[in-house]
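Here the structure comes first, spelled out in structure tokens, and everything after it is commentary.
Protein chains in written order, with this note's numbering: chain A, 491 to 875; chain B, 34 to 354.
As structure tokens, then:
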């Protein structure tokens, strides 16, 4: 690509800008390394900066805007080891003056940190845990979620399948705890939108399926009449090998095949291609759902600073949680946080490896206040303290 | 959705007063081409291949050449309208999306979407004169009729950036609603209209104070407010009317430019982007991205009278007399 950017010239203009002395808004990234078992499908490397890269992108976007409002943004980055003490790290950061946190933590760690007395005057954005429990029984005033919950993902898929009248599903569930949680979300979605789980099969093979998928999978999928095989395999262990190996010529959706995802490189409408390009140029890879969640968290703070024209923590926190808050998130609708559980309401793309198939909420699924609230747990379903 | 409009159009066409002559150029973003429409007959009379992902197009003051933002070719092309041939490319900075030509007919202000920069190019010397850092994803560009200001809207920073064209420096920034996409000065340069796609509003800004004096909202029955995404705008010279295209709401709003009251909504093709008024302001054309056509609106009757099939994803328009 031809580049005609003239840095020296640009810089001289910048100096002439009527910008007041910059006030710095600080955010803290708090992640925890995960002990991930090897998976059979390892074509896509898990990026070392998963999520974090999105936070960095958000800081850069905020900073560009901040030049005109006199605000600078700084991100401190802390990643705790697999067996590390997350609470201790969090307390250290609070003591150092951090108030806004972008968290990539397992649900249990996140809940524990948010409940610390030291967390009372902080705002934590959950950008790494899709667990519904955090949004249904574990909500807290200091905890917001920019990553969609499993229920939101499953609801998005269910709306699409029901709209297509592909209502009979076989659910194949992996052995991991998160697979069971995803399956539970699919079962809930089936009930809500009129899908039917005609059979549920637990995946019980632990050998290398890659050489024998053509023998095993027909047996698992034989003898039942269905429209769609829904697979629950969040780690990507066996799910990639299901398609084309079924007994009948059937489609696959769920964690593989047609996938509901907060973000994917095929999303290019609504100006998304610009965000995708910025991200890819900086980080040399495509932007994923966790990156998007972290980006949205950082941008939410930036947007609040721009709109309220202050860096005062309490003002920003209250604004972000209020009805007045809105974020343009490249999904064609303005995003905001649900008052009842702090979840960022957002459209969910349904994607295959190389194309966008649909965007939920799917037309026809109505809600009395906001159609995006047909995805995930609605106010009456939440029993938060 | 388009069929009734088309049928209606055919019925009304006979009753229409003769259209002014002239030529309409439409950029087809996903076809790398321009469609040429004869305004007298409302027929496509030709297609010109251009650079990749053409979006904004604008005419030189004498109407002899058409400037084309070929976004993915990272260039602005100069098309000789007599011969239909590309004369040369201009340096444009990366990913040019929209631009505006200064009344001096010489300086082109180009929004470089990927680089958060506005590039000023001298079309005669074919040199970059200046690059000015603006907010994230600069898109809309406009130059006031008196040539004093160039403004740019940045879609993610959500600001209007005011550039003094004499000093080529940023002099002010106005915060507007989410995702501002397009800006238009009114004829006497007193007000600047800015459309916010995700905010769903149009901000009318006082040029002297740079403050918002009015925010216009839109509402259509049976269309969710999130689908109402204002993008393109056209103002009539007499200062009486404004037309605002509402994107995926598939309508154009007709606004009283003095009271800011929305007078009417006209159903056009799907995903309406930009618009162009004929010089006599009797006809308005809209580029409808998803349906791949151009809607023809009779301004006086406020009726859509025809739709004309063009290339894939029509985006920008320009008219020569």
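Glycine included, every Cβ here is placed at the ideal spot set by N, Cα and C.
Measure from the C-beta of residue 185/B to each C-beta in chain A and report whether the shortest distance is under 9 Å. No, no contact with chain A.
Restricting to runs no shorter than 3 residues, where is the beta strand (DSSP E) found entirely within the stretch 763–807 of chain A? For the stretch 763–807 of chain A, not one full-length beta strand (DSSP E) segment reaches 3 residues or more.
Contacting positions in the stretch 167–178 of chain B - beta carbon closer than 9 Å to chain A: Going along the stretch 167–178 of chain B in chain order, one finds 167, 168, 169, 170 and 172 with a Cβ nearer than 9 Å to chain A.
Report, in whole angstroms, the separation of the C-beta atoms of residue 209/B and residue 223/B, which I expect to be a contact under 8 Å. The Cβ separation is near 18 Å, so there is no contact.
In the stretch 55–84 of chain B, which residues sit with their C-beta less than 9 Å from some C-beta in chain C, listed in chain order? Of the protein chains in the structure, A and B, none is chain C.
Would you be able to state if there are at least three C-beta pairs under 8 Å between the stretch 330–345 of chain B and the stretch 64–73 of chain B? yes
CA nearest to the CA of residue 774/A, picked from 819/A, 671/A, 802/A and 537/A: 537/A
Taking only the alpha-carbon atoms, compute the straight-line gap between residue 121/B and residue 109/B and give it to the nearest angstrom. 9 Å
Could you check whether residue 593/A and residue 520/A sit closer than 9 Å to each other, using their CB atoms as the reference points? Yes.
Any beta carbon from chain A within less than 9 Å of residue 149/B's own beta carbon? yes
Contact set between residue 555/A and chain B, taken where Cβ atoms lie within less than 9 Å: 168, 169, 187, 189, 190, 191 and 192
Leaving out the 5 sequence neighbours to the left and right, which residues in its chain are closer than 8 Å to residue 500/A when beta-carbon positions are compared? With a pLDDT of 36 at residue 500/A, under the threshold of 50, the modelled position of that residue is not reliable, and the figure given next carries that caveat. Result list for residue 500/A: empty, nothing under 8 Å.
Would residue 348/B count as contacting chain A if we go by Cβ distances under 9 Å? no
I need the boundaries of the beta strand (DSSP E) containing residue 839/A, first residue and last residue. 838–842
So residue 300/B contacts chain A; which residues on that side make the cut at Cβ distance below 7 Å? Ordered by position in chain A, no residue passes the 7 Å Cβ test against residue 300/B, which lies about 18 Å from the chain.
Whole-angstrom C-beta distance between residue 540/A and residue 778/A, which should lie under 8 Å: 7 Å
Cα-Cα separation between residue 300/B and residue 854/A, rounded to whole angstroms: 21 Å
From which residue to which residue does the alpha helix (DSSP H) around residue 642/A run? Here the alpha helix (DSSP H) through residue 642/A covers 640–653.
So residue 196/B and residue 246/B are supposed to be a Cβ contact under 8 Å. How far apart are they, rounded? That pair is no contact at about 21 Å.
C-alpha distance - residue 193/B paired with residue 676/A, whole-angstrom precision: 45 Å
Three-state secondary structure (DSSP) of residue 677/A: helix
Would the stretch 753–762 of chain A count as touching the stretch 641–654 of chain A if we require 3 or more Cβ pairs under 8 Å? These segments do not touch.
Which same chain residues end up closer than 6 Å to residue 621/A when comparing Cβ atoms and leaving out the 5 residues on each side of it in sequence? 597
By the three-class DSSP mapping on this structure, what secondary structure does residue 297/B have? strand
Is the beta carbon of residue 790/A closer than 9 Å to that of residue 817/A? yes
Alpha-carbon to alpha-carbon, residue 821/A and residue 229/B: 15 Å
Along chain A, which residues have their Cβ under 8 Å away from the Cβ of residue 212/B? What residue 212/B touches in chain A, judged by beta-carbon distance under 8 Å, is 761 and 818, going in chain order.
Could you list which residues in chain B have their beta carbon closer than 9 Å to that of residue 796/A, in chain order? 190, 191, 192 and 208
Along the chain, where does the alpha helix (DSSP H) containing residue 559/A start, and where does it finish? 542–559
To the nearest angstrom, how far is the alpha carbon of residue 757/A from that of residue 546/A? Whole-angstrom Cα-Cα distance: 20 Å.
Taking 9 Å as the threshold (beta carbon to beta carbon), is residue 682/A in contact with chain B? Taking Cβ atoms only, chain B never reaches closer than 9 Å to residue 682/A, which makes this a no.
For residue 86/B, count the other beta carbons within 10 Å of its own beta carbon; 16 or more makes it buried, fewer makes it exposed. Which is it? buried
Look up residue 704/A in the DSSP assignment and say whether it is helix, strand or coil. helix
Length at least 3, wholly inside the stretch 110–176 of chain B: the beta strand (DSSP E) runs in chain order: 118–124, 129–134, 140–145, 150–155, 160–166 and 171–176
If you measure from the beta carbon of residue 868/A to each beta carbon in chain B, is any gap under 9 Å? no
If you measure between the beta carbons of residue 218/B and residue 176/B, is that distance less than 9 Å? The answer is yes: Cβ separation under 9 Å.
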